[in-house]
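Take a look at the structure set out below.
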């Protein structure tokens, strides 16, 4: 579920992941971002996948990175904080981070929401 929220720093996307995250879910989320012309050109993404299990593999990471790169062309800055607890999902998130093709897309992985929000709000 993607919800547009607002705080003292402005608008951010609050993403609550399903119990199982398929590749299709990730691609749909990236496509939403790419087509969301109503969002500010500097955006924060808070993705809570702490109760989720990732159902795709490391073979899909390069595709996700390329799709995120295409979506990032629509923005000046994207700060994306992912909250994870499951080891496989955490490893895949770090792998995705290593494939980052866009200089305006910044991804960080967290285990706690408070730390994720602190990072998202820093220098924004």
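In my numbering, the protein residues as written are 19 to 142.
Every residue gets a Cβ at the ideal spot worked out from N, C-alpha and C, and that includes glycine.
Using CA atoms only, rank isn't needed, just tell me which of the options is closest to residue i.
i           : options            : result
residue 119 : 86, 22 and 105     : 86
residue 110 : 84, 95, 80 and 139 : 80
residue 15  : 70, 26 and 78      : In the structure as shown, the chain begins at 19 and stops at 142. Residue 15 is therefore absent and cannot be evaluated.
residue 89  : 45, 23, 135 and 33 : 45
residue 131 : 56, 35, 52 and 66  : 66
residue 108 : 84, 142, 33 and 75 : 75
residue 22  : 38, 36, 50 and 37  : 50
residue 24  : 117, 116 and 57    : 57
Starting from the C-beta of residue i, find all residues in its chain whose C-beta is less than 6 Å away, skip the five residues before and the five after it, and write them out in chain order.
i          : result
residue 63 : 31 and 98
CB-CB under 8 Å to residue i, same chain, minus the five flanking residues each way: which ones, in chain order?
i           : result
residue 137 : 97, 99, 126 and 128
Is the separation between the beta-carbon of residue i and that of residue j shorter than 7 Å?
i          : j           : result
residue 73 : residue 40  : yes
residue 82 : residue 102 : no
residue 92 : residue 71  : no
residue 27 : residue 106 : no
Grab me the residues of residue i's own chain with a C-beta within less than 7 Å of its C-beta, minus the 5 sequence neighbours each way, in chain order.
i          : result
residue 94 : 59, 60 and 122
residue 34 : 19 and 66
residue 52 : 88, 89 and 92
inquiry  = At 3 residues or longer, what runs of the beta strand (DSSP E) sit wholly inside the stretch 64-126?
reply    = 95-101
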